[in-house]
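K.L.:
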Amino acid sequence: MSKKSFDPIQRGGNLSALKAELNKTMENATVETLEKILIEPSKANIVNSISAIKSDSAMTERDKERLIEVLKKDYIDIFNFDNCPDDYDSLKKEAKFLSDITQYSLILMAQRLLKIRDGALYRKDGYTDFKSFIENEMNVSRRTVYNYIEIVEYFGAQLVARAGNLEYSKLLPAIPLLKSDIADIPKEEIRDKFIRDMNEKSKYEVLEEARRLKMKYGLITDNKEDKLVSSIEKFKKSLPRKPSEKELNILDEFISYLTANYMK
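Take the sequence shown: its letters are residues 30 to 293, numbered as in the working numbering.
#1: Leaving aside the five residues before and after Pro114 along the sequence, list all residues of the same chain whose C-beta is less than 8 Å from its C-beta, in chain order.
#2: How far does the alpha helix (DSSP H) with Leu150 in it extend, from its first residue to its last?
#3: Exposed or buried, Met227, counting other C-beta atoms within 10 Å across all chains shown (16 or more means buried)?
#4: Would the stretch 123-133 and the stretch 98-110 be scored as touching if the rule is three or more Cβ pairs under 8 Å?
#5: Measure the C-alpha to C-alpha separation of Asn109 and Leu96 and round it to an integer number of angstroms.
#6: Taking the CB atoms as reference points, tell me whether Glu206 and Val181 lie closer together than 8 Å.
#7: Just to confirm, are Ile284 and Arg172 a CB contact at a threshold of 8 Å?
#8: Grab me the residues of Gly185's own chain with a C-beta within less than 6 Å of its C-beta, minus the 5 sequence neighbours each way, in chain order.
#9: Which of helix, strand or coil does DSSP assign to Asp226?
#10: For Glu56 and Ser161, what's the separation of their Cα atoms in angstroms?
#11: In chain order, which continuous runs of the beta strand (DSSP E) of length 3 or greater are located wholly inside the stretch 102-143?
#12: Just to confirm, is the Cβ distance from Tyr177 to Ile136 under 8 Å?
#13: So, using beta-carbon positions, are Tyr246 and Ile211 closer together than 8 Å?
#14: Is it true that the CB of Leu47 sits closer than 8 Å to the CB of Val99?
#15: Please list, in chain order, all residues of the same chain as Lys125 whose beta carbon is under 7 Å from its beta carbon, the five residues on each side excluded.
#16: Near Asn43, what residues of its chain come up, given a Cβ to Cβ distance below 8 Å and the 5 sequence neighbours on each side ignored?
#17: Looking at the unbroken alpha helix (DSSP H) that takes in Arg240, where does it start and where does it end?
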C-alpha cells in the first residue's frame with residue numbers, strides 16, 4: 030500500500046476560506062494552529078488545532094462546529110493504516126483524538142436527528158415512524174442513535190460541546206432523573222453536576238452517584254435495585270465466552286428492545 034500524497038494548497042482550500050471568514054473572531058492561538066496546518070498538515074498539528082478550537086473562548090459554538098467539520102472532512106485521512114505510531118504516548122493521544130472526533134460527530138448527528146424526529150420530517154421519505162427511518166437510513170445502531178438523542182435532548186448540544194473531553198456515556202445514567210416528573214428533583218443542578226463529573230470522575234463513580242440520586246428521589250429502591258443487579262449478574266454469567274454471530278444478534282435485539290421501551 031503506497032503512502033498517500035497530497036497537495037497542501039488544494040487540500041486546505043476549505044479551511045483557508047473558513048479561516049479568512051472567521052479570522053477576527055478567533056483567539057490568536059487558534060489562528061496560529063490553523064496556519065500551521067495549512068503549511069504542514071501533520072497529525073500533531075491537527076490534534077493541537079482541534080484542542081485550540083475547543084478551548085477558544087472568543088468563538089461561537091456554531092463556528093467551532095464548522096471548523097472542526099472542515100478539519101475532519103479535509104484532513105482525517107492523514108490518520109491512516111500506514112502511519113500508525115509505535116510508542117504508547119502517541120498511540121494514546123491519537124486514539125483519544127479519533128474517539129473525540131467520532132463522539133463529537135455523533136452529538137452533531139443526534140442534534141439533527143432530534144429535529145427530524147420532533148418535526149416528523151421522516152414522513153417526507155414515506156416513513157410512518159422514526160424507528161423505521163433510523164433502521165433504513167442510518168449506518169449507526171438504533172441504540173446508539175437513541176442514546177445520543179437523549180443526551181442532546183436533556184443536556185443540550187451546545188452545553189455538551191463546551192464540556193471539554195467527550196465521554197458522553199457518563200451522562201446516560203443521569204437521564205432517568207432528568208426525564209422524571211418528580212417536582213423535587215433539581216434537574217438543572219443535576220445536569221450541571223454530571224457535565225462536570227464527565228471529565229472528573231470514573232464511569233463507576235458516575236454510576237454510583239446516579240444510583241444514589243435515584244434512591245434519594247424515589248426512582249429506585251434498594252430491593253428493586255438489588256433484584257435487577259442480581260438478575261443482570263446471573264445473565265452475564267450465563268453468557269458464553271465467545272458468543273456466536275447469532276447470539277450477538279439476539280443480544281442486540283434485546284438491548285434495542287430495552288432502549289425502545291424503557292429509555293424513551
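Glycine is no exception: its CB is placed at the ideal position from the N, C-alpha and C atoms.
P.N.:
Considering the structure as presented:
#1: Locating residue 114 in the sequence shown gives position 85, counting from the first residue. Only Leu120 and Glu123 meet the Cβ criterion.
#2: Here residue 150 corresponds to residue number 121 of the sequence shown, with the count starting at 1. No alpha helix (DSSP H) contains Leu150, which DSSP labels as neither H nor E.
#3: As a first step, residue 227 is located in the sequence shown; it is residue number 198 there, counting from the start. It counts as buried.
#4: Enough Cβ pairs lie closer than 8 Å, so yes.
#5: Along the sequence shown, read from residue 1 onward, the residue named residue 109 stands at position 80. Along the sequence shown, read from residue 1 onward, the residue named residue 96 stands at position 67. Using only the alpha carbons, I get a separation of about 21 Å.
#6: Numbered from 1 along the sequence shown, position 177 holds the residue referred to as residue 206. Numbered from 1 along the sequence shown, position 152 holds the residue referred to as residue 181. A small fix is needed here, since residue 206 is Leu in this sequence, not Glu. No; because the gap between Cβ atoms is not below 8 Å, this pair is not in contact.
#7: The residue labelled residue 284 in the question sits at position 255 within the sequence shown. The residue labelled residue 172 in the question sits at position 143 within the sequence shown. Yes, the Cβ-Cβ distance between Ile284 and Arg172 is below 8 Å.
#8: As a first step, residue 185 is located in the sequence shown; it is residue number 156 there, counting from the start. None.
#9: Along the sequence shown, read from residue 1 onward, the residue named residue 226 stands at position 197. The answer is helix: DSSP assigns Asp226 an H, G or I state.
#10: In the sequence shown, residue 56 corresponds to position 27, counting from 1. In the sequence shown, residue 161 corresponds to position 132, counting from 1. Between Glu56 and Ser161, the C-alpha separation is close to 44 Å.
#11: Correct list: empty.
#12: Residue numbering aside, residue 177 sits at position 148 when the sequence shown is read from its first letter. Residue numbering aside, residue 136 sits at position 107 when the sequence shown is read from its first letter. It is a contact, given that the beta carbons lie within the stated cut-off.
#13: Position 217 of the sequence shown, counted from the start, is the residue given in the question as residue 246. Position 182 of the sequence shown, counted from the start, is the residue given in the question as residue 211. Yes, the pair counts as a contact, with Cβ atoms nearer than the cut-off.
#14: Counting from one through the sequence shown, the residue named residue 99 turns up at place 70. Counting from one through the sequence shown, the residue named residue 47 turns up at place 18. Less than 8 Å divides the Cβ of Val99 from the Cβ of Leu47.
#15: The residue you call residue 125 lines up with position 96 of the sequence shown. Taken in chain order, the list of residues that qualify is empty.
#16: For this step, residue 43 is matched to residue 14 along the sequence shown. Correct list, in chain order: Val99, Lys102 and Asp103.
#17: As a first step, residue 240 must be located in the sequence shown, where it is residue number 211. Run containing Arg240: Lys232 to Lys245, per the alpha helix (DSSP H) assignment.
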